[in-house]
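Worksheet for the structure shown next.
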Amino acid sequence: MNTRIPIIEKILSANDRIAARNREVLDHAGVYAINIMASPGAGKTSFILKTLDALNGRLKLGVVEGDLASSIDAEKAMAAGLPAVQINTGGDCHLDAVMLADALPSLPLQDLDLVVVENVGNLICPASFLLGTHLNVLIASIPEGDDKPYKYPGMYMGMQALIINKIDLLPYVPFNMEYFKQGVEVLNPGVTPFPVSCKTGEGMDVWADWLVGKVNTQKNNGT
Amino acid sequence: MHELSITQGILDIALGNAGTRKIKQVNLVIGQFSSIVDDSVQFYWDILSKDTAAEGSILHFERIPGEMTCRSCGHVFRPNGETFECPACSSSSVGISKGNEFQVESIDVE
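Residue numbers (this note's numbering), protein chains in the order written: chain Y, 1 to 223; chain S, 224 to 333.
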């Protein structure tokens, strides 16, 4: 005779609890953290380096690089003068809260204003695994096509800021911006979109100013 | 492969609620917008649950189709994968009303 025990618990609740602890660690150090998500090749690393340029010394950054393998991205960040730690997930297609918890002690948090986490290039699941960062940023890029919100709704629902990268390619690639934005608006009403080009630098100052505002607001709230 | 860590999460929840009893079935509720592959989870389940109270148990997936509700006319519909426009009034002011579920709902124990 079997007995049914009702539970109703989110499958990722254990991860979410560790994410909450990561947030406490970040808040205690007075550091704002963002989680950059995108498909492979959308320009995550370039975007981080261009953000560094556009911030022009206004914030002190540290970087956590997530990849299946290699330390290429961490080396790029360190070459740009940033403290960086590389996470190799082995085969996992996303970072999770435990990985970030292990990485944070390698960064000089007390000396930083902003930690930028570069997630594994993947449009399927990274948004499902909370890290404890304050902001999920999704980079969409023009060559990927305008149908991505419809094909990967979970990622478009799980972000709070949207970067539309490679807008310098708009004259050459068919991309219906209205169709794209309609999908985004349904999944994530009112989200802030930032059209940018890491190649020309267009739009990066608007993004950087907005980011500085978010970091300062967080600091002023004293959390 | 995010199914491995998801499966570990399901197992932890199931074992944590089973006490000393043997688990026969784990009942999951998964919405369409939550991306997991059932067969892959079952594959990892058979490996991870070995030598635990859940060994030999069955995973039951209740799939909830995605559902949207039009904010303009109230029409409820399933998205077709190409557009989220309301098929009744063509409004693009719609919201997701079902499909985000991702939870362990219950376990059946001996």
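C-beta: ideal position from N, C-alpha, C; glycine also. Please read all numbers here as calculations on a predicted model, not as lab measurements.
| Check | Outcome |
| --- | --- |
| Under 8 angstroms by beta carbon: chain S residues contacting I36 of chain Y | Under the 8 angstroms cutoff, chain S gives no residues; its nearest Cβ is about 18 angstroms from I36 of chain Y. |
| Beta bridge counterpart(s) of D147 of chain Y as assigned by DSSP | D147 of chain Y pairs with nothing; no bridge assigned. |
| Residues of its chain near L234 of chain S, where Cβ-Cβ distance is below 8 angstroms and the 5 sequence neighbours each way are ignored | W268, L271, S272, T275 and A277 |
| Neighbourhood of Y150 of chain Y by C-beta, 7 angstroms cutoff - its chain only, sequence neighbours within 5 removed | G183 |
| Helix, strand or coil at L282 of chain S [DSSP, three-state] | strand |
| Chain-ordered neighbours of T306 of chain S on chain Y, where CB pairs are closer than 9 angstroms | Y150, Y179, Q182 and G183 |
| C-beta neighbour in chain S for T133 of chain Y, strict 8 angstroms | no |
| Selection from Y:N122, Y:Y172 and Y:Q160 that minimises the alpha carbon distance to K148 of chain Y | Y:N122 |
| Three-state class that DSSP yields for I72 of chain Y in the structure shown | helix |
| Beta carbon proximity, E118 of chain Y to chain S, threshold 8 angstroms | no |
| Per-residue contacts from G232 of chain S into chain Y (C-beta, under 8 angstroms) | I11, L12, S13, A14 and N15 |
| Residue range of the alpha helix (DSSP H) that includes P193 of chain Y | Element bounds for P193 of chain Y: not the alpha helix (DSSP H) but the beta strand (DSSP E), T192 to P195. |
| Bounding residues of the beta strand (DSSP E) (the contiguous stretch that carries Q86 of chain Y) | A84 to N88 |
| Test: I139 of chain Y CB closer than 8 angstroms to a CB of chain S | no |
| Ordered list of beta strand (DSSP E) runs contained in the region 15-53 of chain Y, each at least 3 residues | 32-38 |
| Endpoints, the beta strand (DSSP E) within which L169 of chain Y is located | Looking at the DSSP string, L169 of chain Y is not in any beta strand (DSSP E), and its letter there is neither H nor E. |
| Sequence-distant residues of its chain with Cβ nearer than 8 angstroms to P40 of chain Y (five each side left out) | G121 and N122 |
| Contact between the region 290-297 of chain S and the region 124-137 of chain Y (3+ Cβ pairs under 8 angstroms) | no |
| Reduced DSSP category for S316 of chain S - H, G, I as helix; E, B as strand; rest coil | coil |
| Interface partners of N2 of chain Y on chain B, CB under 9 angstroms | Absent from the structure is chain B; the protein chains it does hold are Y and S. |
| Interface residues of chain S facing P6 of chain Y [CB-CB closer than 8 angstroms] | E328 and S329 |
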